[in-house]
Amino acid sequence: MPTVRVAAIAGRLAWRIIKPSLAIVLFLIIWQLAPRFGLVDPVFLPPFSDVWSAGLELFRSGQLGEHVSASLTRSGIGFSIAVASAIPVGVAIAWYRPVAEFISPILELFRNTAALALLPVFVLILGIGETSKIALVVYASFFPILLNTISGVRTVDPLLIKSAVSLGFSPIPLFAKVVLPAAVPAIFTGIRMAASASILVLIAAEMVGARAGLGYLITAAQQNFQIPAMYAGIVTISLLGLAFNGLLVALERRLSRWRVQSDR
Numbered sequence: 056m057p058t059v060r061v062a063a064i065a066g067r068l069a070w071r072i073i074k075p076s077l078a079i080v081l082f083l084i085i086w087q088l089a090p091r092f093g094l095v096d097p098v099f100l101p102p103f104s105d106v107w108s109a110g111l112e113l114f115r116s117g118q119l120g121e122h123v124s125a126s127l128t129r130s131g132i133g134f135s136i137a138v139a140s141a142i143p144v145g146v147a148i149a150w151y152r153p154v155a156e157f158i159s160p161i162l163e164l165f166r167n168t169a170a171l172a173l174l175p176v177f178v179l180i181l182g183i184g185e186t187s188k189i190a191l192v193v194y195a196s197f198f199p200i201l202l203n204t205i206s207g208v209r210t211v212d213p214l215l216i217k218s219a220v221s222l223g224f225s226p227i228p229l230f231a232k233v234v235l236p237a238a239v240p241a242i243f244t245g246i247r248m249a250a251s252a253s254i255l256v257l258i259a260a261e262m263v264g265a266r267a268g269l270g271y272l273i274t275a276a277q278q279n280f281q282i283p284a285m286y287a288g289i290v291t292i293s294l295l296g297l298a299f300n301g302l303l304v305a306l307e308r309r310l311s312r313w314r315v316q317s318d319r
């Protein structure tokens, strides 16, 4: 019986690991076979094995590392600035009504303006260098974090706040030990959305004005008709996004260990 129980547990664990990968494996198989069997033109969609080979060649030559480093540096700086500024502003808007009444109109104006629509403005004001790209990332990342922070703070269970007040919590401990921990899930939802947005807008910005970065790599490969290298850059972006999301999920779980985790 113990052996059967261990085997059942091992089987469930293996299935939980394999299950999320099945769709990806199936997608890669279709990608590999579709050009081989003439379902798509292999010139414009080469088999995955060709893309993999091009990616390995870019990695061995150091080009891939150079472009990834450039993109991660820009995205990381802009994303960090957005997190450091959006969370305090969101908390102030949610917690203090006068702040909300003063700031909300201008925020409503800018949050409905797409980041990429402002790319020419950033370039004109800040130049075509690093500053404009980082500023664009900050802009694109700021509002998802801000809005989710406001929502998270405002939707904290009033019973929790009343209970803490009845126990003698002053405003600062009340916020630090009750309100902020309860708002963490909503804040991290915004952070994860912002992480995705930061990569997407940066890639678009790099396509029109950069000499390094994944966006530049994709555009240069497309213009030189190096199609496998172009797809290798796209796959690299997907893997970076997946890694970012996994890192943020792990950090959220660490900061929310008090919550009951669902098995579903």
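Each residue of the sequence shown is one higher than the last, beginning at 56 in the working numbering.
Cβ coordinates follow ideal geometry from the N, Cα and C atoms, glycine included.
Between the alpha carbons of residue 278 and residue 287 lies a gap of roughly 15 Å. Inter-segment contact for the region 183 to 195 and the region 244 to 261 is present: three or more beta-carbon pairs are separated by less than 8 Å. In chain order, 90, 282, 283, 286 place their CB closer than 8 Å to the CB of residue 101, counting only its own chain and leaving out the 5 sequence neighbours on each side.
Cβ-Cβ distances below 7 Å link residue 249 to 134, 137, 196, 199, 200 in the same chain, with the five nearest sequence neighbours on each side left out; the list follows chain order. Classified as exposed, residue 225 has fewer than 16 neighbouring CB atoms from the shown chains inside 10 Å of its CB. Rounded to whole angstroms, the separation of the alpha carbons of residue 75 and residue 269 is 27 Å.
Boundaries of the alpha helix (DSSP H) around residue 158: 152 to 166. Take residue 252, set aside five residues on each side of it, and the residues of its chain with a beta-carbon closer than 7 Å to its own are 195, 196, 199, in chain order. In this structure residue 142 touches residue 242 by the C-beta definition: roughly 7 Å separates them, less than 8 Å. Note on geometry: alpha-carbon atoms of residue 296 and residue 223 lie some 44 Å from one another. Membership of residue 273 in the alpha helix (DSSP H) is indicated by the continuous run 269 to 278. Here DSSP, grouped into helix, strand and coil, assigns residue 118 to helix. In this structure, 126 is the residue among 301, 126, 95, 113 with its C-alpha nearest to the C-alpha of residue 271. In the assembly as shown, residue 169 is an exposed residue. Its beta-carbon has fewer than 16 other beta-carbons within 10 Å.
Going by DSSP, residue 255 is part of the alpha helix (DSSP H) stretching over 235 to 263. Here residue 227 is exposed: its Cβ has fewer than 16 other Cβ atoms, across all protein chains shown, within 10 Å. Per the C-alpha coordinates, the member of 206, 233, 205 positioned closest to residue 218 is 233.
Annotated three-state conformation of residue 169 is coil, per DSSP. Between residue 260 and residue 119, the CB-CB gap reaches or exceeds 8 Å. At a Cβ-Cβ threshold of 8 Å, residue 264 and residue 183 count as neighbours.
In the structure shown, residue 87 falls within a helical segment according to DSSP collapsed to helix, strand and coil.
Beyond the five residues adjoining it in sequence on each side, residue 276 comes within less than 6 Å, by CB distance, of 284, 285 in the same chain, given in chain order.
DSSP, read as helix, strand or coil, puts residue 105 in helix.
A Cβ-Cβ contact shorter than 8 Å links residue 148 with residue 155.
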